[in-house]
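To convert, take the position in the sequence shown, counting from 1, and add 2; that gives the working numbering. Ideal Cβ positions, reconstructed from N, Cα and C, are used throughout, including at glycine. Fair warning: this is a prediction, and the values are worked out from it, not measured in the lab. Here is the structure we will look at.
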Amino acid sequence: MPHWEMNPSESPPPEQEYGHGLGSAPAAAGPHGQTLPGIDPYAAIRPALAPEFAGLSADELTAALGPRAAAVALSGLLAQPPTLAAPPTMRMLARLCAEAAGHGEYGVGAMAREAPGATEFQVPPGTAPAGAPRTPGLQLDKIEIGSWSVPFIGTPAGGFEALFAGTDLPSPMLSLRIVGRVMIDDGGTRRPLRKLDKNEAWWPLAVNNQVYMPRGPGAKNASSPVAAVGDDGTFAAQSTVTTDPGTQRLHIMVQSRLRDGRDITADAVLQRNDLEVFIAIVDKQEQFLVGAPPGLTHLQFLHAVRKIFQPPPGSPFARHFDELLYRSHDIPALFAPGTAEDVRLHRFENMEIGGKPVDIGHVLTAIEGFRRQQPQLGSPGIGPWHWPLLASDDLEATITWGGDYGLALASYLEDKVNGKTVDIRTYVNAHAGVADLIGDIDGINIGAAYDENKSLGDNLRGYYGTKPLRRFHSFVANATDDVGKPLFTLIPGQPKLDPASRQRFAHYALLFAYRKLAFVSKITPAQLAAVEPVVQQGSTAPEVGIMADHFCGFIEAGLAGEAPP
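The structure is reproduced here in structure tokens:
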């Protein structure tokens, strides 16, 4: 079954994908970053544009439609009577020529990395005829601001994107440095520049980067000195930018002037890696896929997004995810693994939300596995994890916190019986980290109230927009057994879990650990027999006590940090 993917012509425009709640759109700017007050180079073609494009600024149209829109507008402008050759018209003409020729001829997208290991040039090697002109292009590697550095990744639209997390951009002034390379298409084969190339007419003379000036809050008064290009094509272009407090997004154009007078450019976006950016991306996809052929429901779209993150590629539990979450077993992942879209979405796997690191894959898995969503609907009830069918409280714990700790214990015991020196704490930190557990907790809370008639984005916004976000108290209330009895109860008057809660935690962690060792491991029957006492129900092994301390301490610290009900 094919993955749910848009055709290139139907893909959401990049500038709109990231535009929700992240600041104003860039104002109209020329190819060198100068503003063009009162001039709209696309005015003549706006009536023919689709509604989602008609209201975009000139720069947004450039980013969204690339050279196609510029070429159409340029054709119309050239068809005007020569009496219109006034300075504003000439400025429009200069801009459209630069965009239609620069973006088309030098093809920023042909330089963009779309996935690890992918061919970075889209021209098959050896296809250029002998003596064909060589085409330079810009490859952006990373952006540095102060003490931190963020790598660029190519976007499907042909630009570059860097995401940062944890805080807004510094203000009132920041100094950013873009590191990259000028590369050359030499007969269809991409290569770095060489000293011998210095005699060529297309040799790059210098590089600078221009920050677009948005309307409203954002960046102001950018200073962009020219940077030299090394003999190997490398460069580091600096800019000093005045920013407003709360700025979360910058749109940058990197430009290199060639010896023959031409310019090559690359568009780049630096923006915060947070929930709103993630929601903006999936919202566009959901609007396209839900209701229209292939006619996904909102819940099926959730399944498709979850499969981007869980199970991870190569996981031994891949088959068991489809057994446990049977309702979605025939829904493919939203994007094929390794595609540009898949790689880009994976960059949002760990986000800071509500002041805590969150693994969004754990959130989505917990939502889907919550009993409200009937995850085992239609299941034939077969397989070692399904026979008999897990009770819904068993399933909710198995695919969330119980599975995290159970996997830690099983992995620890597998290594221990194979003679390795091990410490259970190391395995707990690896498999039940803060982002994993917060993702489990948030997913349980969202899953308990998930509305299948609303989009994934609306459900996420509804939960994360709650003020104050009391995720730990909500988790204690929402984690129940099949008859509605709370799994975790507090000592009266204290934010402390009682001894019965520790026993219930151990029950679910041991349930997963035993199944993992018995059905999804390579240990021998003799080795399994040796570790069975540790993973049997009621086990009092020291490792189980250490895990219970870790989990209960985590929940109790979270409760103590929240206002009481």
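- With contacts defined by Cβ atoms closer than 8 Å, F303 and L458 form a contacting pair.
- For N211, no alpha helix (DSSP H) encloses it; the enclosing beta strand (DSSP E) starts and ends at 206 to 213.
- A contact is defined here as three or more CB-CB pairs under 8 Å, and the stretch 309 to 317 meets this definition with respect to the stretch 351 to 367.
- Looking at the DSSP output, E354 bridges to P359.
- In the structure shown, F474 falls within a helical segment according to DSSP collapsed to helix, strand and coil.
- Ranked by Cα distance from P318, the first of D199, L519, A528, F556 is L519.
- If you draw a straight line from the Cα of E288 to the Cα of H300, it comes to about 8 Å.
- Contact annotation, P172 with I147: C-beta distance approximately 7 Å; criterion of less than 8 Å satisfied.
- The DSSP-derived three-state label of P544 is helix.
- For G182, no alpha helix (DSSP H) segment is defined; the enclosing uninterrupted segment is the beta strand (DSSP E) at 175 to 188.
- In the three-state scheme derived from DSSP, where H, G and I count as helix and E and B as strand, R504 is classed as helix.
- In the structure shown, I401 falls within a coil segment according to DSSP collapsed to helix, strand and coil.
- In this structure A481 does not touch G404 by the C-beta definition: roughly 10 Å separates them, more than the 8 Å allowed.
- With contacts defined by Cβ atoms closer than 8 Å, R329 and Q273 do not form a contacting pair.
- Within a 10 Å sphere around the beta-carbon of Q250 sit 16 or more other beta-carbons, which makes this residue buried.
- Judged by DSSP in its simplified three-state form, L379 adopts coil rather than helix or strand.
- Ranking Q378, R472, E343, K418 by CA distance to the CA of A159 puts E343 first.
- Per DSSP, L165 is one residue of the beta strand (DSSP E) stretching across 162 to 166.
- Note on geometry: alpha-carbon atoms of A270 and I283 lie some 17 Å from one another.
- R261 is positioned such that its CB atom lies closer than 8 Å to that of L207.
- The three-state reading of DSSP puts E202 in coil, since its state is none of H, G, I, E or B.
- Three or more beta-carbon pairs separated by less than 8 Å are not found between the stretch 522 to 537 and the stretch 421 to 440, which leaves the two stretches without contact.
- Two segments are said to touch when three or more pairs of C-beta atoms, one from each, lie closer than 8 Å; by this definition the stretch 472 to 479 touches the stretch 443 to 454.
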